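K.L.:
In the numbering used here, the protein residues as written are 122 to 556.
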């Protein structure tokens, strides 16, 4: 393993910053982790491996004026933000310069190193590894203030024996599930069990009806959209199948079966064209902030910005328009600002050295100029680490995600995107204003 290092305090050009506006923090899903009393050592962090420990133990070449304190995200909070226009290159260079300025003025010591992607401390950055599949026994509920949250939605005691019987193969099993579903119209998980059993025997009408009943109870139930995608595909309705599977993925980006269905619908394996390598960011025993990223300018700028969000409360408060006392938490705004800072760093270095090549950065610059980076950040980064939050995303954010997936993941040309159908109408009718 090769590690290059530097202590960076270079000041950037002073610029006037226009802070991005994020939606207010949302209420936590029921399955979100709750931080323990000691925020410096949450149980979900886990131990670092030997390579990570080696990086933290490396000697420093500078004195520490003020010790930094280990900081991890408050997983009970999350901030969404919608897509907004990005001026290329002005906005990108502005954020790159501002991050450089913030770090240069900080009394904290930031030690920047370059190293392999395997060093990334993903859990420290985003929390514990998520469950791959959406929890079928939760549904979205909207309170009197219009705020959505995930709440338990379990079968009743009299339904459980029917579900057990329904696990048996054959017509009797399906009949038991139909009885269970009839008694459980507000429990989406039971409807999904019936729908999947019906799919298995080719009963597409029953599967379709059960999925729609589940959506009436929870318009953001990802299993229903995956089931509808399978039904529509078998009916040779490819465009409508694409839309349904895009909604399933927008609601839970790590959903394995949804990805398999998506690949069947588009007829080929789906590769992620743009992967943003995550850094290693941690405070060592001496109180210095160690930041390790790949050696590309984009990686360095992105990692520097994420460190600033974590350890510079004044900067974070300006970006999120929150009090400085607000705990650090994950947000779409952080990812979008840091992507821009990384891209600005790339563009500045490319201006000095035209030979610099970074296909990832160039693709992101193109996306930023076309529609912004919020949907990309929410789906490709945050959604793969904290997918549970996407089930309660505000409605405009969800619609933007669906558009992003149709165009940039499933490859649907703009003019071929399906129009909103009755499923979308049902989702809007059953969703509170807070979405």
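We put the beta carbon where it would ideally sit given N, CA and C, even for glycine.
This structure is a prediction, so every number in the text was calculated from the model and none was measured.
Helix, strand or coil for residue 184 per DSSP?
P.N.:
Residue state, collapsed to three classes: coil.
K.L.:
Tell me the residue span of the beta strand (DSSP E) that contains residue 232.
P.N.:
Here the beta strand (DSSP E) through residue 232 covers 231-235.
K.L.:
Would the stretch 172-189 and the stretch 377-394 be scored as touching if the rule is three or more Cβ pairs under 8 Å?
P.N.:
No, the stretch 172-189 does not touch the stretch 377-394.
K.L.:
In whole angstroms, what separates the C-alpha of residue 356 from that of residue 275?
P.N.:
C-alpha separation (whole angstroms): 31 Å.
K.L.:
Could you tell me which uninterrupted beta strand (DSSP E) segments, each at least 3 residues in length, are contained entirely in the stretch 250-274, listed from first to last along the chain?
P.N.:
The stretch 250-274 contains these whole beta strand (DSSP E) runs: 259-263 and 269-273.
K.L.:
Express the C-alpha separation of residue 264 and residue 200 in angstroms, rounding to a whole number.
P.N.:
Cα-Cα distance, rounded: 18 Å.
K.L.:
Smallest Cα separation from residue 228: which of 197, 186 and 234?
P.N.:
The candidate whose alpha carbon is nearest that of residue 228 is 186.
K.L.:
Any idea what DSSP makes of residue 311, helix, strand or coil?
P.N.:
In this structure, residue 311 counts as helix in the three-state DSSP scheme.
K.L.:
In three-state terms, what does DSSP make of residue 453?
P.N.:
Of the three classes helix, strand and coil, the one that applies to residue 453 here is helix, per DSSP.
K.L.:
What does DSSP give as the partner residues of residue 404 in its beta bridges?
P.N.:
DSSP, once it has assigned bridges, lists 410 as partnering residue 404.
K.L.:
Could you pull the DSSP bridge partners for residue 199 from this structure?
P.N.:
DSSP output for residue 199 lists 451 as bridge partner(s).
K.L.:
Counting C-beta neighbours from all protein chains within 10 Å, is the total for residue 215 16 or more, i.e. buried, or is it exposed?
P.N.:
When all chains shown are included, residue 215 counts as buried.
K.L.:
From residue 303 to residue 283, what does the alpha carbon distance come to, in whole angstroms?
P.N.:
Whole-angstrom Cα-Cα distance: 11 Å.
K.L.:
What is the DSSP secondary structure of residue 175, reduced to helix, strand or coil?
P.N.:
Residue state, collapsed to three classes: helix.
K.L.:
Whole-angstrom Cβ separation of residue 273 and residue 376, contact assumed at under 8 Å?
P.N.:
Not confirmed; about 20 Å, so no contact.
K.L.:
Measuring straight from C-alpha to C-alpha, what distance separates residue 469 and residue 477?
P.N.:
Whole-angstrom Cα-Cα distance: 11 Å.
K.L.:
Does the structure place the stretch 232-243 close enough to the stretch 397-412 that three or more beta carbon pairs sit under 8 Å?
P.N.:
The stretch 397-412 is in contact with the stretch 232-243.
K.L.:
Pull up the distance between the alpha-carbon of residue 441 and that of residue 451, whole angstroms please.
P.N.:
C-alpha separation (whole angstroms): 11 Å.
K.L.:
So, do the stretch 218-238 and the stretch 478-486 have three or more beta carbon pairs nearer to each other than 8 Å?
P.N.:
Flag = no, the stretch 218-238 and the stretch 478-486 do not touch.
K.L.:
So what's residue 433 in DSSP terms, helix, strand or just coil?
P.N.:
The answer is coil: DSSP assigns residue 433 none of H, G, I, E or B.
K.L.:
Does DSSP put residue 204 in a helix, a strand or coil?
P.N.:
Note: residue 204 maps to coil in three-state DSSP.
K.L.:
Taking the alpha helix (DSSP H) that residue 608 belongs to, which residues open and close that run?
P.N.:
This structure gives no information on residue 608, because the portion of the chain shown stretches from 122 to 556.
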